Amino acid sequence: MAEPAMSRRRPTWPQLPESLRAAVQQRIGAVIQWRSHDHGYSPGPALTLTTDHDEVFLKAAFLAGNPHTVALHRREAEIAAVLPAGTPTPSLRWSNEVAGWVVLVFDAHPGSVPPLPWRSEALDAVAHLTARLAEITAPDSLDRLVERARYEGLRRLAGEPHPGLETFDPWLAGNLDALASIEGTWTTHCDGDRLLHHDLRRDNVLLDESNAVAIDWPHAVAGAGFTDLVGWLPSLHLEGGPAPEEMLRRHPLGRAAAPEAVTSFIAAIAGYFVRSSLQPPPPGIPHLRGFQRAQGEVCIAWLRERLGDRVGEN
Numbered sequence: 000m001a002e003p004a005m006s007r008r009r010p011t012w013p014q015l016p017e018s019l020r021a022a023v024q025q026r027i028g029a030v031i032q033w034r035s036h037d038h039g040y041s042p043g044p045a046l047t048l049t050t051d052h053d054e055v056f057l058k059a060a061f062l063a064g065n066p067h068t069v070a071l072h073r074r075e076a077e078i079a080a081v082l083p084a085g086t087p088t089p090s091l092r093w094s095n096e097v098a099g100w101v102v103l104v105f106d107a108h109p110g111s112v113p114p115l116p117w118r119s120e121a122l123d124a125v126a127h128l129t130a131r132l133a134e135i136t137a138p139d140s141l142d143r144l145v146e147r148a149r150y151e152g153l154r155r156l157a158g159e160p161h162p163g164l165e166t167f168d169p170w171l172a173g174n175l176d177a178l179a180s181i182e183g184t185w186t187t188h189c190d191g192d193r194l195l196h197h198d199l200r201r202d203n204v205l206l207d208e209s210n211a212v213a214i215d216w217p218h219a220v221a222g223a224g225f226t227d228l229v230g231w232l233p234s235l236h237l238e239g240g241p242a243p244e245e246m247l248r249r250h251p252l253g254r255a256a257a258p259e260a261v262t263s264f265i266a267a268i269a270g271y272f273v274r275s276s277l278q279p280p281p282p283g284i285p286h287l288r289g290f291q292r293a294q295g296e297v298c299i300a301w302l303r304e305r306l307g308d309r310v311g312e313n
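Using numbering that gives the first Met the number 0, the first residue of the sequence shown is number 0, and each one after it goes up by one.
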C-alpha cells in the first residue's frame, strides 16, 4: 500500500537556519550525517543526527510559527521528563529554546515506522505495546484523560448542526441525538490511572526486529488502559489493517473492557474527528482535516456495526 495522501515533507537539516544548527551542534557536536523523518501530521523538522561519537533524534518548532505546535513541543518536553522508568520510548536527552526554536533531543532508536502493508509481526508488536503501556501507572503529575480531553463533538453537532454532516453516512445524522447521549457517558467509563499515550498511530511508533516503542508524547494522560488500543484502530484500518472490531476482539484489553465503555469512547473520538474535520485547516497542516475525516468515517462505521441501524432499539 502507498503512503497515505496526508503525508508531506518536513524541513531537512540543511534547510534549518544556520543559527539553529550552530546552537544544536554546540550541544551535540558537529553533525556529519542526517536523516529526515517525513511521517506525522505536524510541521517542523524531525531528524536523526549523527556525529562522530553519537546519534540523536531532534524535533523542533519555530517560536514564531504554528503556536499549537510550539505548545505541543513544550508540553512533550515536560511529559518526557517524568515518564516512568521502563516506559517503552526513547529517553529525552535535553530540551531548550534556542535561536528562536523549541528544541527537543532524544536518544536515537534503531527502529523505524512500521512499513505498509501491515505484517502480522508488526501488528502483534504494536498490539503488545498497547498492553505494555496499560500495565504502567501514570505519574501523579499527568492530567487525567477525563479532565483534559474535551470529547463533545457529537453533542455540539446535535446542538448546532453543520451542513457538512450531510456528506457523511446518513446514519450519523439520523441517530445523532442518541449517539450524542452515548458520547456523554465516556467520562464515566474512561477514568483510570494507566499511562496513556493518547495519540497512538503508526507514525508515532518505532519498530525494530521484534519490539515497538511509542514516540511523540505531548498528549499523554492518565486513564483507562483500553483507550490507547481503541484510539489506534481507526488509523490502522485506514492503512489496510484489520477491521477495528476484529482487532478489539483479538486483544486482551478489548476483551476485558466493558462493551458500553468501549462504545462510549468510540463515540467520543468519532465526535472529535467528525467535528474537527468540518473546521478550517490549522496553519501549516492543510492535510490534517482530511485525515480526521477519514478516521471519523471509520468510527461511524464501527459504531454502526456495534449499535445497529437504529440506535437504542436493540
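Glycine included, every Cβ here is placed at the ideal spot set by N, Cα and C. Here the structure is a predicted model, which means the values were calculated and not measured.
Per-residue DSSP class, three states only, for Arg-309: coil
Helix, strand or coil at Ala-1 according to DSSP, with G and I counted as helix: Because Ala-1 carries a pLDDT of 33, less than 50, the predicted location of this residue cannot be relied on, and no value is offered for it.
Beta-carbon spacing of Gly-110, Asp-227 below 9 Å: Going by C-beta atoms, Gly-110 is not nearer than 9 Å to Asp-227.
Where Asp-202 falls, given that 16 or more other Cβ within 10 Å makes a residue buried: When all chains shown are included, Asp-202 counts as buried.
CB-CB length for Ala-269 against Leu-302, believed under 8 Å: 6 Å
Rounded C-alpha distance that separates Thr-314 from Phe-290: Since the first and last residues shown for the chain are 0 and 313, residue 314 lies out of range.
Element boundaries [beta strand (DSSP E), containing Val-261]: It is not in any beta strand (DSSP E) - Val-261 instead sits in the alpha helix (DSSP H) that spans 258-276.
Pro-233 and Phe-272 closer than 9 Å at C-beta: yes
Proximal residues to Glu-304 (C-beta, below 7 Å), its chain only, five neighbours per side dropped: Annotation for Glu-304: Glu-244 place their beta carbon closer than 7 Å to its own, counting only its chain and skipping 5 residues before and after.
Extent of the continuous beta strand (DSSP E) to which Val-102 belongs: 100-106
Helix, strand or coil at Phe-290 [DSSP, three-state]: helix
Burial state of Ala-257, where buried means 16 or more other Cβ atoms lie within 10 Å: exposed
Cβ neighbours of Val-101 in the same chain (closer than 7 Å, five flanking residues each side left out): Its chain contains Ala-59, Ala-60, Leu-62, Val-69, His-72, Arg-73 as the residues whose beta carbon lies nearer than 7 Å to that of Val-101, once the 5 sequence neighbours on both sides are disregarded; these appear in chain order.
Boundaries of the alpha helix (DSSP H) in which Arg-147 is found, first to last residue: 144-147
Under the three-state DSSP convention, the category Thr-47 falls into: Assignment of Thr-47 by DSSP, reduced to helix, strand and coil, places it in the strand class.
Beta carbon of Ala-21 nearer than 9 Å to that of Ala-98: yes
Residues near Arg-288 by beta carbon distance below 6 Å, same chain, minus five either side: Ser-276, Pro-280
Contact under 9 Å by Cβ, Leu-115 with Asn-210: no
Spatial distance of Leu-132 from Thr-262 (CA atoms): If I take the Cα positions, the gap works out to 21 Å.
Cβ neighbours of Ile-78 in the same chain (closer than 6 Å, five flanking residues each side left out): Closer than 6 Å at Cβ, skipping near neighbours: Trp-216, Ala-219.
Inter-residue spacing [alpha-carbon to alpha-carbon] between Ala-4 and His-197: Caution applies to Ala-4, whose pLDDT of 40 falls short of 50 and renders its modelled position unreliable; the value that the coordinates give is listed next. Whole-angstrom Cα-Cα distance: 23 Å.
Alpha-carbon to alpha-carbon, Ala-80 and Asn-65: 23 Å
Ile-181, buried or exposed, once every other Cβ within 10 Å from all chains shown has been counted against 16: By the neighbour-count rule (16 or more Cβ atoms within 10 Å), Ile-181 is buried.
Where Asn-65 sits in the DSSP three-state scheme: coil
Proximity below 9 Å, CB of Ala-221 to CB of Leu-252: Judged by their CB atoms, Ala-221 and Leu-252 are not nearer to each other than the 9 Å cut-off.
Assigned exposure category for Arg-8 - 16 Cβ within 10 Å defines buried: exposed
One or two residues paired with Gln-32 in a DSSP bridge: Thr-49
Length of the line joining the Cα atoms of Ala-213 and Gln-32: 24 Å
Residue range of the unbroken alpha helix (DSSP H) whose run includes Arg-154: Following the DSSP letters along the chain, one finds Arg-154 inside the alpha helix (DSSP H) bounded by residues 152-158.
Identity of the residues DSSP links to Phe-56 by a beta bridge: Residue pairing by DSSP places Phe-56 opposite Thr-47, Phe-105 in a beta bridge.
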